[in-house]
Amino acid sequence: EYLFRAADATSDNELLADLYGEISTCYTQNNDLENALLYGLKTIEILRKTDKIQVLALSLLNIGFDYYVIAEYDLTMRYYNESEPLLEEVGSTIGLAYLMGNRALVYWKKGDLERAKKDLFSTIERLEPFGDGFGMSDYYNQLGNIYLEENDHINAIACAAKSLDLAEDEGFKEQ
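Taking the working numbering, the leading residue of the sequence shown gets 56, the next gets one more, and so forth.
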């Protein structure tokens, strides 16, 4: 409610982009992807007219994930591909790691399980120096799902256990 009030009250486009981005995130967290996409696209439209490159790159990454959730993989990759050179330009190592991990999920859903696994392991390695237990836990969980899909129960359990250990250590209830 406060985000909507603030958005209605401002004439500052950069602030409006920030508010729309937060609104989109709230909708994503509540699994209301229709509204998440609506406000995410509004955010991107405004940010493309600014010099806030890193915020634009992360917004593109976020909207790509929203499209991933609704299985619109071509749109997912379009936004990820647009995000990549911007993340490189601002030197966002962690952003590039998440980009690789999220792309790996698309490869998985499109049937390229080997590339998905390889890229997910690489993503986890890239996140380790940051101590990003949230991302590592989530990607280990996804790896476990891939192994389960392959009926490789030993590796599925090993990845799920790593995910659970990280989640318990950090108190991540979602993971």
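Just so you know, even glycine gets a beta-carbon here, dropped at the ideal spot from N, CA and C. These numbers come from a predicted model, not from an experiment.
In the structure shown, what three-state DSSP assignment does residue i receive?
{"i": "A64", "result": "helix"}
{"i": "R158", "result": "helix"}
{"i": "R103", "result": "coil"}
{"i": "E144", "result": "helix"}
{"i": "F185", "result": "helix"}
{"i": "E127", "result": "coil"}
{"i": "N206", "result": "coil"}
{"i": "N136", "result": "helix"}
{"i": "F120", "result": "helix"}
{"i": "N86", "result": "coil"}
Alpha carbon to alpha carbon, how far is residue i from residue j?
{"i": "L151", "j": "L142", "result": "6 Å"}
{"i": "E204", "j": "L198", "result": "10 Å"}
{"i": "K228", "j": "R60", "result": "31 Å"}
{"i": "G190", "j": "Y153", "result": "8 Å"}
{"i": "I201", "j": "K172", "result": "8 Å"}
{"i": "L298", "j": "K104", "result": "Coverage of the chain is limited to positions 56 through 230, which leaves residue 298 absent and any answer about it impossible."}
{"i": "Q84", "j": "G166", "result": "27 Å"}
{"i": "L71", "j": "E180", "result": "36 Å"}
{"i": "G95", "j": "A213", "result": "36 Å"}
Among the options, which residue has its Cα nearest to the Cα of residue i?
{"i": "Y134", "options": "I125, G95, I118, L70", "result": "I118"}
{"i": "P140", "options": "A216, D67, L113", "result": "L113"}
{"i": "S147", "options": "L111, Y75, A215", "result": "L111"}
{"i": "Y82", "options": "K104, G186, V124", "result": "V124"}
{"i": "G156", "options": "S177, K164, V145, A211", "result": "S177"}
{"i": "I149", "options": "S66, L116, E137", "result": "L116"}
{"i": "L74", "options": "D193, Y57, L221", "result": "Y57"}
{"i": "G76", "options": "E69, T98, E89", "result": "T98"}
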